[in-house]
Amino acid sequence: MNDAVIFWSYAHRDDEADSGGITHLASRIANEYSLLTGRDLDLFVDKKLKWGELWRERIDSSLAASTYLIPVLTPRYFQRDECRKELREFHAQAKARGVADVLLPILYAEIEDFSSENPDELIALASRSQYADWRELRVKGPESAEYREELNTVAKRLVEVTRRVTERQLQEESDAPPVPEEQRFYDILETVKAKLPTLIEAVEQDRVTEAQYLAQLTVYNQRMDRLRRAGRAGAVPAVLQELGRANLPFAQRHAQLARHYNSLALELDPLMSALFRAAKESSEEHRLLLEIVDDIEDIYQRIQSLPDSESPRVTKQRQYAEKSRTWREIVNAFDSSSPFAVEGNALVSNWRAQATQAMGGEEEHSNDSADLVHQDAGTGRLDD
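Using numbering that gives the first Met the number 0, read the sequence shown as starting at 0 and increasing by one per residue.
If you want it as structure tokens, here you go:
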């Protein structure tokens, strides 16, 4: 059996706040595994080593069964873009290869609404996994009996998951008749074709919401300009408040769509990875993927950014929010939804890059390196 490799994903500031407790836990798990098996467990903790490339290489090979990601979950973990990216990408790649068991989260601190109903799809995903609960053990300390017992449980679980996943892979290879790779490809293709229109619809609905939001801005701005020209500037605050009430539903609708878009993109991500990996290995699938590649390009073009967070419009809305509760709700709606939109956009951008690579450059794009801009309050777009 291959020696296991663990990629330890955590927020460095959490480790500092816990006086090194998170990195100490990583070492203790590695030592316990070694004690139980007589084999070393390679532990990658320092992200300066760019271990993202290494885990992709391992999980893309026969070593996938002994490659683990252990994300140490805290509120700050889900606030860090890099942590979210590691969890999202590892889950997608592992699921696409049929080894989702190798994601082993540790719930290290209390997270609000840590459940499958959380609107943050990554938190919901983590809550559905078989995570180890370290919230009370962290407080009791590494010398407590409970801490040591759970340490032993986690190490045993690593041993068991490695055995189970390896056996399953061997069984799948030896079972007769095996499911043809071609049939699996068609099954995934059919699933993606069924789900992708829903993602496109979410983007289109957001464009409609944006248009409605902007139409209200135009109408009310003209009205306020007329009041100023007529020497009735004192009436402007009341109109501004009315505009806030008119636009709040659109801001809330945008926030709802951004979360829906993010959830759909995360659901599609492992399927896209599997499709483009198959296309990269065999050119026979290229023709079948052209429709999907076109859809991805269509989504990508639709989510290109408009005003950034420093645009006059956004700056004005933040100024309004300083004096109005309704406008604060509008700004908060955009700000709270922004990470979901940005994350979904990053996935779409990654599919586009995968498609270009898998199709051998057949799908050339003029802006492959363009970054999707993180927009702030008031843009009303899924790229905000």
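Even for Gly, the Cβ is constructed at its ideal location relative to N, Cα and C.
Thr66: first and last residue of the uninterrupted beta strand (DSSP E) it sits in
Taking the first residue of the sequence shown as 1, we reach residue 66 at position 67. Where Thr66 is concerned, the enclosing beta strand (DSSP E) stretches over Thr66 to Leu72.
For Glu149, the nearest candidate out of Leu24, Ile291, Gln300 and Arg324 (CA to CA)
As a working mapping, residue 149 is identified with position 150 in the sequence shown. The candidate whose alpha carbon is nearest that of Glu149 is Leu24.
C-alpha distance - Trp326 paired with Tyr185, whole-angstrom precision:
By one-based count along the sequence shown, residue 326 stands at place 327. By one-based count along the sequence shown, residue 185 stands at place 186. Using only the alpha carbons, I get a separation of about 49 Å.
Restricting to Cα atoms, I'd like to know which of Leu68, Cys82 and Arg147 is closest to Trp128.
Mapped onto the sequence shown, residue 128 falls at position 129. Reading off the sequence shown, one finds Ser at residue 128, where the question assumed Trp. For Ser128, the nearest C-alpha among the options comes from Leu68.
Check whether the region 322-336 touches the region 273-284, taking contact to mean three or more Cβ pairs, one atom from each stretch, closer than 8 Å.
No: the two stretches stay apart, fewer than three of their Cβ pairs being nearer than 8 Å.
How far does the beta strand (DSSP E) with Phe449 in it reach, from first residue to last?
The chain is shown only over 0 to 383; residue 449 falls outside these bounds and no answer can be derived.
Cα-Cα separation, Val138 to Val44
Reading the sequence shown from its first residue, position 139 is the one you call residue 138. Reading the sequence shown from its first residue, position 45 is the one you call residue 44. Taking the straight line from one Cα to the other gives about 22 Å.
If I'm right that Pro338 touches Ala91 with Cβ under 8 Å, what's the distance once you round it to whole angstroms?
Here residue 338 is taken as the residue at index 339 of the sequence shown, counted from 1. Here residue 91 is taken as the residue at index 92 of the sequence shown, counted from 1. The Cβ separation is near 18 Å, so there is no contact.
Take Arg252 as the anchor and find which of Glu135, Tyr76, Ile105 and Ser336 has the nearest alpha-carbon.
Residue 252 sits at position 253 when you count from the first residue of the sequence shown. From the listed residues Glu135, Tyr76, Ile105 and Ser336, the smallest Cα separation to Arg252 is found for Ser336.
Taking the alpha helix (DSSP H) that Ser348 belongs to, which residues open and close that run?
The residue labelled residue 348 in the question sits at position 349 within the sequence shown. Arg324 to Ala357 is the span of the alpha helix (DSSP H), which, as asked, contains Ser348.
In the DSSP assignment, find the unbroken beta strand (DSSP E) run with Val4 in it and report its ends.
Reading the sequence shown from its first residue, position 5 is the one you call residue 4. Bounds of the beta strand (DSSP E) holding Val4 are Val4 to Ser8.
For Tyr146, collect the residues of the same chain with a Cβ closer than 7 Å to its Cβ; drop the 5 residues on either side in sequence, then sort them by chain order.
Counting from one through the sequence shown, the residue named residue 146 turns up at place 147. Taken in chain order, the residues that qualify are Leu136, Lys139 and Gly140.
Residue environment, Ser8, which counts as buried when at least 16 other CB atoms sit within 10 Å:
Position 9 of the sequence shown holds residue 8. Buried, by the Cβ-count rule.
Tell me the DSSP bridge mates of Ile105?
Indexing the sequence shown from 1 puts residue 105 at position 106. Looking at the DSSP output, Ile105 shares a beta bridge with Val71 and Ala131.
So, for Val4: in the same chain, excluding its five sequence neighbours on each side, which residues have a beta-carbon less than 6 Å away from its beta-carbon?
Stepping through the sequence shown from its first residue, residue 4 is reached at position 5. Once the five neighbours on either side are set aside, the close Cβ partners of Val4 are Asp41 and Thr66.
Hey, quick one: how far does the alpha helix (DSSP H) through Leu40 stretch, first residue to last?
On the sequence shown, residue 40 is found 41 positions in, with the first residue counted as 1. Per DSSP, Leu40 lies in no alpha helix (DSSP H) segment and is marked neither H nor E.
Hey, is the region 293-303 in contact with the region 192-208, meaning 3+ C-beta pairs nearer than 8 Å?
Counting Cβ pairs under 8 Å, three or more are found: they touch.
Does the pairing of the region 257-264 with the region 212-231 give three or more beta-carbon distances under 8 Å?
Too few Cβ pairs lie closer than 8 Å, so no.
CB-CB length for Ala154 against Leu35, believed under 8 Å:
For the purposes of this step, residue 154 is taken as residue 155 along the sequence shown, with counting starting at 1. For the purposes of this step, residue 35 is taken as residue 36 along the sequence shown, with counting starting at 1. Contact between Ala154 and Leu35 is confirmed by a C-beta separation of about 5 Å, below the 8 Å threshold.
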